[in-house]
Amino acid sequence: MHEGDAQRAAFPFRVAYDARLSLGKFRGMGRFLRQLIAGREREFLGFCAPGDRDDGLNLASLGPRPYPAWEQIAVPRLLRQNDIDVFIAPYNTSPLSIPDKTQLILVVHDLIFMEALPWSRSAYQNLGRIYRRLVAPHAVKRADLVVTVSEFTARQLVEKFAVQPNRLRVIPNTISAEWYATDRTEQMESRYILVVAGEAPSKNLGRALIAFAACSGLRIDQRIRMKIAGVSQTGQAAFRAQARQLGISDRVDFLPYLTEDGMRETYRQSEILLMPSLCEGFGIPVLEAMASGTPVVCSSSTCLPEIGADAPRYFNPYSTSSMAEAIQQVLSNAQIREEMSQRGLKRAHAFHPDIVHQRIHSFWEEVRNLQENRRA
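Numbering follows my numbering, in which position 298 of the sequence shown is assigned residue number 384; successive positions increment by one, without gaps.
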């Protein structure tokens, strides 16, 4: 029996999901959805907007295209048209109107949108934050099961939204096995600190630049560069201007979009990963760095100590001096870096895909049993 046949026998009901952020060059939330539906892509039905496509997925489309309107207008119609039994809302929100018969699985990656953080320079990000603030509380209340990626966010859901613990399931992020397969690159063309972050205020990139500039007065190699991945072209201008004001623009590089192979090589050649975030729901770059054998110098905020455990060197993300001191301590001592690398490799195996996929398999067995009980 082929894998798809086995899955059809195991799931005698119709499952759909919001596919929109898992198409094209998808990032964290889209990646998590792909890991959740792995092996079931042709059986489950993905909802998308007109013009979206992915030959590996079974898709159904309906307008309008702007996301909030699409989620609230098109998705309820698609649920009814396709007689869906289980719907996966994988991006923190869901339609406010869902058929009574449809079991809602809501994925909440983080509650950063509820935090009192500065507004982004991006109007699009600010609108998304307002939308999530308005819709997420209703989605959490309606959901039959709420999936999240860390125990930290699970606790937040209980505290902020009074979610009953029996409705919560924690399934951590994972990364492909290829991240674990290759030894760390020994010969580096140049020494650099890697930062993987977006331009959102929660990513704290401005303080990371200040801390890097402060390292000029500390005992580290002044030829060390900072390479930044994940900031959009439009988002780079303000950070480039800040780097010029700090006198470090000649040592700061903004990387273009990299393939996964390119990112793996970039991690393996870096001296350290600097993770300056104020808030995270999981912190995938921490896992990617640990699996690559790259030492992690990391914010002590939110879920990050849960994910990194004893592998990183932690700092207060609101203190640029604390961040600079942590960078200096790790960069100036090769023995510390080697010890951190080994601890990181060990910790990363807790999130190996073989382990996480077992949790996902158990989750789908539970969903199947719940659906059968609803029908009994």
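Ideal Cβ positions, reconstructed from N, Cα and C, are used throughout, including at glycine.
Is residue j closer than 8 angstroms to residue i when the C-beta atoms are compared?
i, j, result
"P471", "L119", "One cannot answer for residue 471 here, as it falls past the ends of the chain, which runs 87 to 462."
"V101", "F130", "yes"
"R219", "M200", "yes"
"N259", "V235", "yes"
"L280", "L332", "no"
"R399", "A412", "yes"
"I159", "Y103", "no"
"R113", "D138", "no"
"S466", "A155", "Here the chain covers residues 87 to 462 and nothing more, so residue 466 does not appear."
"G321", "V382", "no"
"T239", "V193", "no"
"M376", "A299", "no"
"L203", "K246", "no"
In the DSSP assignment, what residue or residues form a beta bridge with residue i?
i, result
"F133", "D104 and A146"
"S385", "F401"
"F173", "A102 and L190"
"R255", "V233"
"Y278", "R311"
How about residue i: is its C-beta nearer than 8 angstroms to some C-beta of chain D?
i, result
"Y217", "Here chain D cannot be found, since the structure has a single protein chain."
Within 10 Å of its beta-carbon, does residue i have 16 or more other beta-carbons around it, so buried, or fewer, so exposed?
i, result
"P403", "buried"
"W205", "exposed"
"D171", "buried"
"A92", "Confidence at A92 is low in this model, with a pLDDT of 40, below 50, so its placement is unreliable and the value that follows should be read with caution. Exposed, by the Cβ-count rule."
"N455", "exposed"
"L164", "buried"
"L344", "exposed"
"L182", "exposed"
"G110", "exposed"
Under the assumption that residue i contacts residue j (Cβ atoms under 8 angstroms), give the Cβ distance between them as a whole number of angstroms.
i, j, result
"G369", "S378", "So it is not a contact: roughly 14 angstroms between Cβ atoms."
"V282", "A315", "5 angstroms"
"S427", "T352", "Contact doesn't hold; Cβ gap of about 16 angstroms is too wide."
"M361", "C384", "4 angstroms"
"I257", "F449", "6 angstroms"
"E357", "Y278", "6 angstroms"
"R311", "R293", "Not quite, the Cβ-Cβ distance comes to about 18 angstroms (not below 8 angstroms), so this is no contact."
"V317", "G284", "6 angstroms"
"E127", "L143", "5 angstroms"
If you scan the stretch 309-378 from start to end, which runs of the alpha helix (DSSP H) of 4 or more residues do you find wholly inside it? 319-332, 346-355 and 370-378
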